[in-house]
Amino acid sequence: MSLPGPAVASAQPHRDGLWSRRLLALAAGGAVAGMAARVLLTRSPADLADVHGLVWAVTGVHLAQQRWRPRRTGRLVWRARVHGRHGTEPGLVAGRSAAGWVELVIEAALAVTLTVAGISLLPEGWAWVGVGRPVLLAGVALGLGALVYQEVRFTGRLALTASGIRDGAEWYPWSEVREARPNSRGRRDGVWLRLDPGRLWPQVVGGREVTVPDERLLAAIEQFRTRPEMLAVGLPVTPPEPAGA
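Note that the sequence shown covers residues 8 to 252 in the numbering used here.
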């Protein structure tokens, strides 16, 4: 019995359970957006102006947490159903690390405080401000809801399936991955991917945002890059350990 090839696995993912996950994510995102709208839309311009002091505090925490490099000892975990962009497939999943969660929360808080501070500075003398301010604040609430939706919508921060690599909401089919190596550009860690020439620039996946160290992630990508059909059989797959581990 022959294993299905990469093209078949990519063209025919399992689709069961996808809509239930979307509905769950929509409910979570809607709840957060509703609560955020209730808080923001019931505040006066003076109350909104009080966030100016928070901007500096959140900015300082944001800059400090970027230098945090916690030890990562996690492993890629097999899941029979990985919720991706177009369906569910079996695959290996790396969860978001503590540093990744902190970064996500701080970046969201920074974006909200900066936006609300800017909205609070709109002159009251402008005719459209009375209508425009609530619309802008509602947009901030919707943005928070969209962030929660995306986090709930997918399984894990990063996943390897027969169709490709999913990092957050980004998708890289195996057919486009030409090379993988440790990232040595800039200060960001992770695994550097050289993609099909159709892509404008290389991409970095993993890094401090996931619990799996770069060496293990790189070993798994190198193994399944040329044999992605190994992830399509539906049976548990043990990811390889890096050389010297």
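C-beta: ideal position from N, C-alpha, C; glycine also.
Three-way DSSP call (helix, strand, coil) for residue i in this model
i    : result
G171 : strand
E3   : Any question about residue 3 goes unanswered here, given that the chain covers just 8 to 252.
Q19  : Model confidence at Q19 stands at a pLDDT of 43, short of 50, so the residue's coordinates are unreliable and nothing is read from them.
R28  : helix
A38  : helix
A44  : helix
Residue j beta carbon less than 8 Å from that of residue i
i    : j    : result
I228 : A187 : yes
L165 : V123 : no
T168 : V39  : no
R28  : R173 : no
P246 : R82  : yes
T95  : L30  : no
R232 : W181 : yes
Y156 : L33  : yes
Of the residues the options, the one placed nearest residue i, counting alpha carbons only
i    : options              : result
V62  : A118, V100, V89      : A118
V219 : R103, P97, W26       : R103
L242 : W85, L225, G81       : W85
Q210 : T233, G91, G197, G94 : G197
L224 : R74, L99, S27, V68   : L99
Y179 : L25, R160, P204      : P204
E114 : L129, L151, R82      : L151
V138 : R232, V46, W26, P52  : P52
G163 : L47, V58, R92        : R92
A226 : A43, E248, V240      : E248
N190 : S170, V184, G213     : G213
Heavy atom of the ligand ADP within 7 Å of residue i beta-carbon
i   : result
Q73 : No copy of the ligand ADP appears in this structure; indeed no ligand is present at all.
Q | Any alpha helix (DSSP H) of 4 or more consecutive residues that is wholly inside the stretch 127-165 | A | DSSP runs (the alpha helix (DSSP H)) wholly in the stretch 127-165: 136-160.
Q) Within the chosen definition, does the stretch 69-80 reach the stretch 143-157 through at least 3 CB pairs nearer than 8 Å? A) A contact between stretches requires three or more CB pairs, one per stretch, nearer than 8 Å, and the stretch 69-80 fails this requirement with the stretch 143-157.
**Q.** Whole runs of the beta strand (DSSP E) within the stretch 46-123, excluding any shorter than 3 residues
**A.** Counting whole runs of 3 or more residues, the stretch 46-123 contains the beta strand (DSSP E) stretches 84-90, 95-101.
Q) Can you list the alpha helix (DSSP H) stretches of 4 or more residues lying completely in the stretch 217-243, in chain order? A) DSSP runs (the alpha helix (DSSP H)) wholly in the stretch 217-243: 221-232.
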